[in-house]
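Using my numbering, you'd call the opening residue of the sequence shown number 4 and step up by one each time.
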Amino acid sequence: MYSWRLFTQVILSRDGYTNPFYLRETQHSPVWYDAIRHMTIPPGLRAGVTMAGSLLFILTVLYVNNLLFFFVPPLIFFLVTTGLTIGPIVAEERVKQSWELVVTSGCDTEQILLGKTGGALTWIRQLMVAMFLLMLIVSVGVGLISVMLIPTGTIRTEEWSEFTLCGILLMLPLSTMILFIIDRSQQYLLLVTAALAFGSSSSSVPKALLMTNLSILVVWLLEIVGTGLLLAVQPDSGGFLGRSNLLALITMGPIANYVLTMDISRVILFTILTLLIREIMIGSLWR
Numbered sequence: 004m005y006s007w008r009l010f011t012q013v014i015l016s017r018d019g020y021t022n023p024f025y026l027r028e029t030q031h032s033p034v035w036y037d038a039i040r041h042m043t044i045p046p047g048l049r050a051g052v053t054m055a056g057s058l059l060f061i062l063t064v065l066y067v068n069n070l071l072f073f074f075v076p077p078l079i080f081f082l083v084t085t086g087l088t089i090g091p092i093v094a095e096e097r098v099k100q101s102w103e104l105v106v107t108s109g110c111d112t113e114q115i116l117l118g119k120t121g122g123a124l125t126w127i128r129q130l131m132v133a134m135f136l137l138m139l140i141v142s143v144g145v146g147l148i149s150v151m152l153i154p155t156g157t158i159r160t161e162e163w164s165e166f167t168l169c170g171i172l173l174m175l176p177l178s179t180m181i182l183f184i185i186d187r188s189q190q191y192l193l194l195v196t197a198a199l200a201f202g203s204s205s206s207s208v209p210k211a212l213l214m215t216n217l218s219i220l221v222v223w224l225l226e227i228v229g230t231g232l233l234l235a236v237q238p239d240s241g242g243f244l245g246r247s248n249l250l251a252l253i254t255m256g257p258i259a260n261y262v263l264t265m266d267i268s269r270v271i272l273f274t275i276l277t278l279l280i281r282e283i284m285i286g287s288l289w290r
């Protein structure tokens, strides 16, 4: 599986310290890091911008009237930072006219890209850990909500033994939590793969940064639109594409919304299809 290989070699960087390109990238600061380090912002202006941004965020939350909006800014910040971090890793080599030398180093292109991507992402490791902890917190809520999937119609819970019911009440939330984490992780890997595919084809750093973030935005929007249309055509959707539902789709992804709006058989079916389609897309982009 492409996603598992990317997860172990890029996100976890299990073999990172045996890859010279990984080590090389950990010692080379990203473009955004250098820009921030050399940026001088007066303290008064920094405080003013912070206060204005905080006020705008609070007003937006009050207008939207949905706590899910709190997850939107950190999610966007995380994706943009990812794009800025891995976008120019190949373009910088081309600008320095060292890409041909890198390719002829004895390692295949896949190993080079895996190493460079994993090394580049170490610069946002703390941000990735913070987002993972946030994902864990949300997964607990999604797991608890999944208890609603236990059928109470034709199959009555009163007919089940206490052992069976306790097992279902334990395993269903746990399974949903794991699926939610897999779903969010796989989507991130898809966005990383898209960013790497389009950024690597660019011949300049500014173009690579632009193409990387555009590819992340396009793939993200395509998944939101595709899942939204799928949910909207369900017989019991009841006008799915409302503001709250759209925010839930943007912030929590497809599987959480399947749990919220479908019965257990359709949740299983569409979860398998979603993960399979993403896996195919990751494989296609990686080639």
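Just so it is clear, CB atoms sit at the ideal spot from N, CA and C, and this is done for glycine as well.
Pairing Ala259 with Ser101, the inter-Cα distance amounts to about 45 angstroms. Pro23 carries a helical assignment under DSSP once its states are collapsed to helix, strand and coil. About 6 angstroms separates the CB atoms of Leu193 and Met284; that is less than 8 angstroms, so the two are in contact. Taking a 10 Å sphere around the C-beta of Ser142, we find 16 or more other C-beta atoms and assign the residue as buried. The alpha-carbon of Thr29 is positioned some 19 angstroms away from that of Gly202. Counted as a single uninterrupted DSSP element, the alpha helix (DSSP H) harbouring Val221 occupies residues 208-235.
One alpha carbon belongs to Trp35, the other to Ile140, and they sit about 29 angstroms apart. In chain order, Leu71, Ala259, Asn260, Leu263 place their CB closer than 8 angstroms to the CB of Ala251, counting only its own chain and leaving out the 5 sequence neighbours on each side. Annotated as proximal: Trp289 and Thr196, with beta-carbon spacing under 7 angstroms. A Cβ-Cβ separation of about 7 angstroms places Val75 in contact with Ile253 under the 8 angstroms criterion. Within the same chain, Leu193, Leu194, Ala197 come within 7 angstroms of Val222 by CB-CB distance, once the 5 residues on both sides are set aside. For Pro77, the enclosing alpha helix (DSSP H) begins and ends at 75-89.
Straight through space, the alpha carbons of Ser57 and Ala50 are spaced by roughly 11 angstroms.
Within its own chain, no residue has a Cβ closer than 8 angstroms to the Cβ of Gly229 once the five positions on either side in sequence are excluded. Taking 7 angstroms as the cut-off, the Cβ atoms of Gly109 and Tyr25 do not count as close. For the pair Asp266 and Arg8, the Cα-to-Cα distance works out to about 32 angstroms. The count of Cβ pairs closer than 8 angstroms, one atom from the region 81-95 and one from the region 208-216, reaches three, so the stretches are in contact. Between Leu175 and Ser204, the C-beta spacing is not below 7 angstroms. No residue range can be given for Gln12, since it is assigned to no alpha helix (DSSP H) and is classified by DSSP as neither H nor E. Along the region 102-151, the alpha helix (DSSP H) occurs as fully enclosed runs of 4 or more residues at 102-106, 112-124, 128-148, listed in sequence order. Here DSSP, grouped into helix, strand and coil, assigns Pro33 to coil. DSSP, reduced to helix, strand and coil, places Ser204 outside both helices and strands of the structure shown, so it counts as coil. For Val93, the secondary structure class from DSSP, reduced to helix, strand or coil, is coil.
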